[in-house]
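Visitor: Please see the structure below; I have some questions.
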Amino acid sequence: MKAASFIALALATTALAAPAMAQETFKVGVSVGLTGYAAAVDRAWRDGLEVAADYVNSKGGVRGRKIQLVIEDNKSEPQEAVTVYRKMISSDKVNIFISGCVSAGNFAAAQFVVRAQIPMMLCSILPPQPDQVKWAYSFLAPPRFEVEKRFAYLKDKTPIRKVGVLHDPSPYANLQKDLAVKAAPDYGIELPVVEQYKQDDADFSTQISKMESAGAKAVLKIGLGGSTVTTAKNIKQLGLNTLLLGSVDDLAVFKPTGETLGNQFLFVAAPAQVYETLPEGALKQEIARFLPLWRAKHGDRDAVWAGKAWDALMVTVAAIDKAQSFDGEAIRAAVETLPPYQGTGGIYSFSPTVHQGITTNPFFMATYENGKVMVKN
Amino acid sequence: MSITTGNILEVRGLTARYGEVTALRSADLDLKEGELIAVLGPNGAGKSTLMRSIVGLTSASGDVRFRGELLPRNAAAVAARGIALVPEGRGIFGPMSVEENLQLGAYMINGRGEDYERRLSRVLTLFPRLKERLSQAAGSMSGGEQQMLAVGRALMADPKLLLLDEPSLGLAPKVTAEILETLAELNRSGLSVLLVEQKAPLALKIASRAYVVVNGRISTEIDTKEITSHDQLARYYFQ
Amino acid sequence: MTNSPATISSKLMAALRHAPAIAAAGMVAYAIADGGYIVTVVGFGLIYTIFVAGLNIFMGYAGQTSFGQNAFAAIGAYASAVLTATYGWPPLLAALAGIVATAICAFVIGYPTLRLKGHYLAMATLAIGLIIYEVAVQWQSVTNGYMGISGIPALGIGHYELLSDRAQLIFLAIMAVLSLAASWLLRHSRFGRALVALSGSEDAARALGINVRQYKLTAFIISAIYASISGTLFVHIVGFISPEMIGMNMVILAFTMLYVGGIGTTTGPLIGAIVIGLLPESIRSFKDYQDLVYGAALILILIYAPGGIASLDQVVKKLLRTKAPAKEVAP
Ligand SMILES: Nc1ncnc2c1ncn2[C@@H]1O[C@H](COP(=O)(O)OP(=O)(O)O)[C@@H](O)[C@H]1O
Ligand SMILES: [Mg+2]
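Residue numbers (the numbering used here), protein chains in the order written: chain Z, 354 to 730; chain G, -18 to 220; chain B, 80 to 410.
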């Protein structure tokens, strides 16, 4: 029985190690991929939540309770996500989930979250089952906005009507690709070449040349990370004047890409990335509430995903205030009847039928030139 | 059924190659029913290759007849005809118990039942030391005991013909003598035996005839009664 | 004194031999009683017990190597997921279809590759795992790609569904016990002995009349069926499947469980799956150092119990033996 008592002891120690809370808190469960493929976005999501929670707690918390984040690493793996979600449901007894962008992990855990009647605010897309969507709210802008912004720019500001699509195989990129194919005719745009790449491919010259010879004067790049920089380098090496149109990403990606291609590179910018150039108004005000706190802790690290996490917590707090309750069902109902909420990433208007809160396109087209982000529309 | 020759085993023109190397060249060999003969020869001569080719473990060209019938070139099928090989290095299954090893020897009859019990008690009478160690892991026994198990396992198949490849390898002289005496006893009770040995004097004591293999060829056939001294034998090896 | 020290210690040793397996079973019982999230962890552990028990038949008994068992779990998982969620089949029928598909697939794959030896076989199986993963990603019309398939019903027959966590865990425990019992029977059958024999020496096995190729293939198919069943159970418990869930990490985890539990032993898969399943949970409070502690724990286990936890009694025996002479010196 040695092994059993050892493990039982270890488990007991873990339970004791958790700080005993004198005062009751409002527990927010956070399933994030701190390691694995989602780490870049999910670490920012967690850090944004911490800034937001500190801010709310410094103002006295929500309805007299301090916010306590219970953060668990799902290693970007769905099975691990199920485990940590269930831990947070039955051991930590969290009141709500504000989880990261590992879609498959959120989907895999959804049925358990729904059974426990806990609302889930997500950085990812919504789970596909209707009974699960009922409890899930996405803070992601609909993928079509990223595509439409770029098509509209081409249509309004350039003569380019033939575009090549370069996308990775992730669900989000695939979704955007399909949307692009569907929406292109509405903008009078043709997509003669649609190419998929793998995240770790090191050269896209072939794909780019293929697009060039098909007459495409712009590349619609769909997918995160270093591949965008690689694409820029390849365009430059080939000596083409092709435009590169990047999707929403981290400034850490936009900077080297802009430094390579100059104004030949345009990207879809989130509001927090163009803060300095925003006109006065509700959007700028909300970002101004968050950004100094963020910069105090994290310097000039990109604030887009952290800002969305901030938004998710602020919407939650607003819902609790409206519901005058910490009950899951009450919070859920309140989220759906909240007036449109101005966040750092756009305006969130949830309703019983709309669970993806951003309904108007919040994006800008921008370039990165001479060390600065410049808005182009 | 052509038992007319009275040979249990006839090997004709058996040739085996490992890539470019011809390890066995056109070997001919006869073994009469109830005979115990030896195959002698220095290290690397091709003795093991001969044995393996006979039972179909090594692919070879030429004919091997068992009681007048051609043997298939497939070891499992050869075993089914009643030919058991005690391989070089014993081939004991170390992690398994002695009993499981013996059960595997009787693999063809599924290692249980009346027949099995009869064979088992015969082997344990021949090698009483195995009896005390039935549940012990075979690999934990001494070399001599393992060789006894290897022979015992082969006998569990109730073979018509027993082939042994250097059973004395790595054993103390006393243990070797014990095992060879058991083989002689088995032969006296009617079992045909083909024994490969490097230690010629030992083998010649119990064999009625011997073949000498040198450089992949069966060079000589000796009548053991002719051999009287070690020097004489050395001549056969190096002629 | 009626008992001599020798018989006491031999009784103790006999008890010690079963201690790890009993402890693992105790953890399962504890989880059933406790009902918290440990149910999930132990539930995954039991599903992996079945997966690893299959791997153990091929690797532990037959001495072969397969890095591609995830392929067969994937076939079982996706067959169950697609047939129940998309086409509304009853789970049992879907599981059977998955098993049949897996067996056919294992035959088609195993027939040519099992002629390969050692590293080549391992590489070939690795490729199979990668190919099936790629199929799960690319065959979007059926698998839904990375988006995965959700809405997979709970296990059940007719109108009776296993919905509560406890009921599911008890069911998984029964399935795991059946798998291990089947594995034990197999190991102690003529077929099982033949597998262990061919893992020791294929030539020696052949010379005894064992059809080595046919037996290796059969062992491969049986291990694939175990994997398929574990895949089916997994999707019905979680209700969701996506390619990441059947990737290489599954293979790495299973190998760890097999070696930590004790390769070649019947209860090793259970012990390994429970220990490796619970280990990360018991050190969750280490947060950022969790992976480090996990790795250190693995290394310690494999150093001090190289045959796996299932053969811990051997380690104790060895320790006692080295200490024994000191006693004899005392007057
Ligand atoms: N598996 C093998 N591959 C290549 N060469 C081999 C192999 N087995 C044996 N040989 C070679 O064949 C020759 C005969 O070997 P063997 O039959 O084992 O001799 P013996 O048993 O008389 O010592 C030797 O030269 C040996 O090096
Ligand atoms: Mg030899």
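All C-beta atoms, glycine included, are put in the ideal place defined by N, C-alpha and C.
Name, please, each residue of chain Z whose Cβ falls closer than 7 Å to the Cβ of B:E323.
Guide: Residue numbering aside, residue 323 of chain B sits at position 244 when the third sequence is read from its first letter. The answer, in chain order, is E430, P431, A457.
Visitor: Cα-Cα, which of B:G374, B:H315, B:G310 is closest to B:T181?
Guide: Stepping through the third sequence from its first residue, residue 181 of chain B is reached at position 102. If we check each option's Cα against that of B:T181, B:G310 comes out closest.
Visitor: Can you tell me which of Z:Q376, Z:W398, Z:G660 puts its alpha carbon nearest to the alpha carbon of Z:M382?
Guide: By one-based count along the first sequence, residue 382 of chain Z stands at place 29. Sequence check: residue 382 of chain Z is Gly here, not Met. If we check each option's Cα against that of Z:G382, Z:W398 comes out closest.
Visitor: Does B:L411 get closer than 8 Å to chain G when you measure Cβ to Cβ?
Guide: Nothing can be reported for residue 411 of chain B: it is not among the residues displayed for chain B, which extend from 80 to 410.
Visitor: Taking only beta-carbon atoms, is B:Y157 less than 8 Å away from chain Z?
Guide: Stepping through the third sequence from its first residue, residue 157 of chain B is reached at position 78. False, the Cβ-Cβ gap to chain Z never drops below 8 Å.
Visitor: How would the residue list near ligand 1 read, in chain order, if you kept each one whose beta-carbon is closer than 5 Å to any heavy atom?
Guide: In chain order, the hits are G:Y(-1), G:A4, G:N24, G:G25, G:A26, G:G27, G:K28, G:S29, G:T30.
Visitor: Taking the beta strand (DSSP E) that G:I199 falls in, what are its first and last residues?
Guide: The residue given as residue 199 of chain G occupies position 218 in the second sequence. Segment 198 to 204, the beta strand (DSSP E) holding G:I199.
Visitor: Could you tell me whether any Cβ in chain G is nearer than 8 Å to the Cβ of B:R194?
Guide: Residue numbering aside, residue 194 of chain B sits at position 115 when the third sequence is read from its first letter. Not one chain G Cβ lies under 8 Å of B:R194.
Visitor: Hey, Z:V657 and Z:T613: beta-carbon distance below 8 Å or not?
Guide: Within the first sequence, numbered from 1, the residue matching residue 657 of chain Z stands at position 304. Within the first sequence, numbered from 1, the residue matching residue 613 of chain Z stands at position 260. Against a cut-off of 8 Å, the Cβ pair of Z:T613 and Z:V657 comes out as no contact.
Visitor: Determine the burial state of Z:M374: buried for a count of at least 16 other Cβ atoms within 10 Å of its Cβ, exposed for fewer.
Guide: Position 21 of the first sequence, counting from 1, holds the residue named residue 374 of chain Z. Because the pLDDT at Z:M374 is just 48, under 50, the model does not fix this residue reliably, and the point stays unresolved.
Visitor: For B:D282, is the beta carbon positioned less than 7 Å from some heavy atom of ligand 2?
Guide: The sequence position of residue 282 of chain B within the third sequence is 203, counting from 1. Not so, every heavy atom of ligand 2 lies at least 7 Å from the Cβ.
Visitor: List the residues of chain B whose Cβ lies closer than 9 Å to the Cβ of Z:A522, in chain order.
Guide: Reading the first sequence from its first residue, position 169 is the one you call residue 522 of chain Z. Note that residue 522 of chain Z is Pro in the sequence shown here, rather than Ala. The answer, in chain order, is V216, Q217, G224, Y225.
Visitor: What's the C-alpha gap between B:Y190 and G:A(-3)?
Guide: Here residue 190 of chain B refers to the residue found at position 111 of the third sequence. Here residue -3 of chain G refers to the residue found at position 16 of the second sequence. So the alpha carbons of these two residues sit roughly 27 Å apart.
Visitor: So Z:I451 packs on Z:A662, CB below 8 Å; how close in whole Å?
Guide: Position 98 of the first sequence, counting from 1, holds the residue named residue 451 of chain Z. Position 309 of the first sequence, counting from 1, holds the residue named residue 662 of chain Z. Sure, about 7 Å apart at Cβ, within 8 Å.
Visitor: What residues in its chain sit with their C-beta under 7 Å from that of B:L248, if we drop five residues either side in the sequence?
Guide: Here residue 248 of chain B refers to the residue found at position 169 when the third sequence is read from its first residue. These residues qualify, in order along the chain: A110, I111, V118, V121, G122.
Visitor: Which residues in chain B have a C-beta closer than 8 Å to the C-beta of G:P76? List them in chain order.
Guide: For the purposes of this step, residue 76 of chain G is identified with residue 95 of the second sequence, where counting begins at 1. Here the neighbours are V275, G279, G343.
Visitor: On the CB-based measure, 16 or more other CB atoms within 10 Å of its CB, does B:Y199 come out buried or exposed?
Guide: As a first step, residue 199 of chain B must be located in the third sequence, where it is residue number 120. When all chains shown are included, B:Y199 counts as exposed.
Visitor: Take every Cβ of the stretch 505 to 519 of chain Z, pair it with every Cβ of the stretch 553 to 572 of chain Z, and state whether three or more of those distances are shorter than 8 Å.
Guide: Output reads yes: the stretch 553 to 572 of chain Z touches the stretch 505 to 519 of chain Z.
Visitor: Counting only Cβ pairs nearer than 7 Å, list the residues of chain G close to B:A283.
Guide: Locating residue 283 of chain B in the third sequence gives position 204, where the first residue counts as 1. Within chain G, the residues near B:A283 are P68, G72.
Visitor: Name, in chain order, the residues that DSSP records as bridge partners for G:E80.
Guide: Taking the second sequence and counting its residues from 1, one reaches residue 80 of chain G at position 99. BP columns for G:E80 are empty, so no partner.
Visitor: What separation, rounded to the nearest whole angstrom, lies between the Cα atoms of G:I199 and G:Y192?
Guide: Here residue 199 of chain G refers to the residue found at position 218 of the second sequence. Here residue 192 of chain G refers to the residue found at position 211 of the second sequence. Their Cα atoms are separated by approximately 7 Å.
Visitor: Quick check on B:F151: does DSSP put it in helix, strand or coil?
Guide: Translated into positions along the third sequence, residue 151 of chain B becomes position 72. It is helical.
Visitor: Let's test the definition: count the other Cβ atoms within 10 Å of the Cβ of B:A375 and tell me whether it reaches 16, buried, or not, exposed.
Guide: By 1-based counting over the third sequence, the position of residue 375 of chain B is 296. The residue is exposed, with fewer than 16 neighbouring Cβ atoms inside 10 Å.
Visitor: What residues in its chain sit with their C-beta under 6 Å from that of B:L251, if we drop five residues either side in the sequence?
Guide: On the third sequence, position 172 is the one that residue 251 of chain B refers to. Hits under 6 Å: G122, L125.
Visitor: Rank B:A206, B:W218, B:G133 by C-alpha distance to the C-alpha of B:V161 and give the top, closest one.
Guide: Taking the third sequence and counting its residues from 1, one reaches residue 161 of chain B at position 82. Looking at the Cα atoms, B:W218 is the closest of the given residues.
Visitor: Interface residues of chain B around G:G86 at Cβ under 9 Å?
Guide: The residue labelled residue 86 of chain G in the question sits at position 105 within the second sequence. Near G:G86 (Cβ distances below 9 Å), the residues of chain B are L287.
Visitor: Using a C-beta cutoff of 8 Å, does G:L(-5) count as contacting chain B?
Guide: Stepping through the second sequence from its first residue, residue -5 of chain G is reached at position 14. Not closer than 8 Å to any Cβ of chain B, the Cβ of G:L(-5) fails to qualify, so no.
Visitor: Under 8 Å, Cβ to Cβ, is there at least one residue of chain G near B:R266?
Guide: Here residue 266 of chain B is taken as the residue at index 187 of the third sequence, counted from 1. It does not: the Cβ of B:R266 has no partner Cβ on chain G nearer than 8 Å.
Visitor: Using 8 Å as the threshold, is the stretch 147 to 160 of chain B in touch with the stretch 364 to 381 of chain B, meaning 3 or more CB pairs across them?
Guide: Output reads no: the stretch 364 to 381 of chain B does not touch the stretch 147 to 160 of chain B.
Visitor: Would the C-beta of G:D146 count as close to ligand 2, meaning under 7 Å from any of its heavy atoms?
Guide: Here the question's residue 146 of chain G lines up with position 165 in the second sequence. Correct: G:D146 has its Cβ closer than 7 Å to ligand 2.
Visitor: Are any of the Cβ atoms in chain B nearer than 8 Å to that of Z:F607?
Guide: As a working mapping, residue 607 of chain Z is identified with position 254 in the first sequence. No, Z:F607 does not count as interfacial toward chain B.
Visitor: Which chain B residues are close to G:V36, counting only those with a beta carbon under 8 Å from its beta carbon?
Guide: Along the second sequence, read from residue 1 onward, the residue named residue 36 of chain G stands at position 55. Under the 8 Å cutoff, chain B gives A286.
Visitor: Return yes when the C-beta of B:E213 is under 7 Å from any heavy atom of ligand 2, and no when it is not.
Guide: Indexing the third sequence from 1 puts residue 213 of chain B at position 134. Outside the cutoff, so no.
Visitor: Does Z:F450 come within less than 8 Å of chain B when only Cβ atoms are used?
Guide: Within the first sequence, residue 450 of chain Z is the residue found at index 97, counting from 1. So, not an interface residue.
Visitor: List the DSSP bridge partners of Z:Q695.
Guide: One-based indexing of the first sequence puts residue 695 of chain Z at position 342. Bridge partners of Z:Q695: Z:I700.
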